[in-house]
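The opening residue of the sequence shown carries number 120 in the working numbering; numbering runs sequentially from there.
Note that the Cβ used here is the ideal one computed from N, Cα and C, for glycine as well.
Working notes, beginning with the structure itself.
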Amino acid sequence: MNIRDLEYLIALADFKHFRKAADACNVSQPTLSGQIRKLEDELGTVLLERTSRKVLFTQAGLGLVEQAKVVLREVKILREMASSQGKEMSGPMHIGIIPTLAPYISPLILPQLKSQFPELEIYLYELPTNTVIEQLESGQLDCAILSLAKETESFIEVPIFNENMLLAVSDDHPWAKQEKIDLDQLSDQEILVLDNGHCLRTKIMDYCNTIGAKENERIKVGSLETLRNMVATGAGITLMPELAAGSDQNEHSVYLGFNEPKPFRTIGLVYRPGSPLRLRYERLAKTIKTMMDDVK
Numbered sequence: 120m121n122i123r124d125l126e127y128l129i130a131l132a133d134f135k136h137f138r139k140a141a142d143a144c145n146v147s148q149p150t151l152s153g154q155i156r157k158l159e160d161e162l163g164t165v166l167l168e169r170t171s172r173k174v175l176f177t178q179a180g181l182g183l184v185e186q187a188k189v190v191l192r193e194v195k196i197l198r199e200m201a202s203s204q205g206k207e208m209s210g211p212m213h214i215g216i217i218p219t220l221a222p223y224i225s226p227l228i229l230p231q232l233k234s235q236f237p238e239l240e241i242y243l244y245e246l247p248t249n250t251v252i253e254q255l256e257s258g259q260l261d262c263a264i265l266s267l268a269k270e271t272e273s274f275i276e277v278p279i280f281n282e283n284m285l286l287a288v289s290d291d292h293p294w295a296k297q298e299k300i301d302l303d304q305l306s307d308q309e310i311l312v313l314d315n316g317h318c319l320r321t322k323i324m325d326y327c328n329t330i331g332a333k334e335n336e337r338i339k340v341g342s343l344e345t346l347r348n349m350v351a352t353g354a355g356i357t358l359m360p361e362l363a364a365g366s367d368q369n370e371h372s373v374y375l376g377f378n379e380p381k382p383f384r385t386i387g388l389v390y391r392p393g394s395p396l397r398l399r400y401e402r403l404a405k406t407i408k409t410m411m412d413d414v415k
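The following block contains the structure:
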C-alpha cells in the first residue's frame, strides 16, 4: 500500500466511475482498477462492488476511504512543513477560485504574481464554492480565493477587498437612464440569480430577503455570462459583481450603482488552520490586496 493507492481509492469514491477516476489521477483505467484489486488483496477484504453500471463501496471500503483522507491530509502537512524550510514564496501552490471571480480577477493578478514570485509554481482551479471547501478540507487545495461566507468560517480568513454589487438591467428598462438607485427600490421585484452551489447566489438572496425582493424562479442559470446575457435580452434584472460588470461588452446591458448602503461581498483568501505555510498564504493575500487596491 502506498500514497498513490489511497489517492486512487479517494478518486473512485468521489467519481463512482473507474474511467473518470482514472482520468482525474492521470492514469489508465486498467492501472487504477488493478491497483484497487491489489489493495483489496493486501487488506484481505472487498472494498467495493463492481457492476456494469456503477461502483458501490462496501462498509469496509467506505471506512477505508475516510481513513485515507485523514492520511493524505497528514501527508500534505508533512510536505508543507518540508516546503516551509525553503524559500517562502517558492514551490507549488494549488489555489481554488470561484467561477464568479476567476475570469475577472485572474488576468489582473496572475501576470504580476508570476513576475513578482518567479519561483512560485501556481496551479489555479476554477471550482464552485462547495467543491472548493471540500478540496480545502481534504488537502487537494492549498488555499482559495472566494467570497467570505458562513462556509469559510472554519478556515483562516484573510480579507482582500470588498467588491460592490451593481444593478444590471437591459437598455430599454425603465431604470436604464438612472445613474444610481436605492437598494430598497428592489422591494417586490423579481431578481435573476445563479443556481444552487454558488456563494454569490447566497449573498444576493440574503439581500433580496432583507428588502423583500423575490427570486425569478422561471429562469435557472449556472454562470454569470449566461445571467448577464439574459439581462441584456430583457429577461429580468440582477445584482452583478463590479469586476464582472466591468468586463461586459454587451451594448444592451446597463449597470447602475447603489446609494448607501451599498450591497457588496468580501473577497478573501482562506487556508487551513495550523498550516505550516501560513506566512506564504498571508504574503500572497497581502500582495493581491495591493494589486487590487491599485486597480480600484
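With 16 other CB atoms within 10 Å as the buried threshold, where does Thr170 fall?
-> exposed
Is the region 363-383 touching the region 250-260, taking contact as three or more C-beta pairs under 8 Å?
-> no
DSSP state of Pro226, grouped into three classes?
-> helix
Leu311 beta carbon less than 8 Å from that of Val373 | no
Residues bridged to Ser266 by DSSP?
-> Ile386
Status (buried if at least 16 other CB within 10 Å, exposed otherwise) for Tyr400 | buried
Can you find a heavy atom of the ligand FAD that lies under 7 Å from the Cβ of Asp413?
-> No copy of the ligand FAD appears in this structure; indeed no ligand is present at all.
Give every residue of the same chain whose Cβ lies closer than 6 Å to the Cβ of Ala143, excluding the five residues on either side of it in the sequence, and list them in chain order.
-> Ala130
Is Glu401 helix, strand or coil by DSSP?
-> helix
Through-space distance from Arg347 to Gln148, alpha-carbon basis | 40 Å
Compute the Euclidean distance between the alpha carbons of Gln297 and Ser266, then round it to the nearest angstrom.
-> 28 Å
If you drop the 5 nearest sequence neighbours on each side, which residues of the same chain put their C-beta closer than 6 Å to that of Gly387?
-> Leu267, Glu276, Val277, Pro278 and Ile279
Give the single residue among Lys233, Gly163, Ala132 and Ile224 whose Cα lies nearest to the Cα of Val188.
-> Per the sequence shown, residue 188 should be read as Lys rather than Val. Closest option to Lys188, Cα to Cα, is Ala132.
In chain order, what residues of the same chain have a beta carbon less than 8 Å from the beta carbon of Val214, not counting five sequence neighbours either side?
-> In the sequence as displayed, the identity of residue 214 is Ile instead of Val. Same-chain partners within the cutoff: Ile241, Tyr242, Leu243, Tyr244, Leu260, Asp261, Cys262, Ala263 and Ile264.
Three-state secondary structure assigned by DSSP to Ser273 = coil
Unbroken alpha helix (DSSP H) run spanning Arg320, endpoints = Cys318 to Ile330
Quick one: Cα of Phe337 to Cα of Thr357, how far?
-> According to the sequence displayed, residue 337 carries Arg and not Phe. So the alpha carbons of these two residues sit roughly 14 Å apart.
Select from Thr248, Leu158, Arg123 and Met410 the residue whose C-alpha is nearest the C-alpha of Thr321.
-> Thr248
Pick helix, strand or coil for Thr409, following the three-state DSSP scheme.
-> helix
Proximity to Glu272 [Cα-Cα], best of Asp290, Ile252 and Leu285 = Ile252
With which residues is Thr357 paired in a DSSP beta bridge?
-> Ala287
In DSSP terms, what Val350 is bridged to | Paired residues: none, contrary to the question.
What does Arg242 pair with, by DSSP beta-bridge criteria?
-> Before going further, note that residue 242 is Tyr rather than Arg in the sequence given. Note: Tyr242 sits in a beta bridge opposite His213.
Own chain, CB closer than 7 Å to Tyr223, minus 5 neighbours either side, in chain order = Leu362, Ala363 and Ser366
Closest by CA to Pro211, which one among Ser306, Thr250, Pro237 and Gln368?
-> Pro237
Residues of its chain near Asp124, where Cβ-Cβ distance is below 6 Å and the 5 sequence neighbours each way are ignored | Gln154 and Leu158
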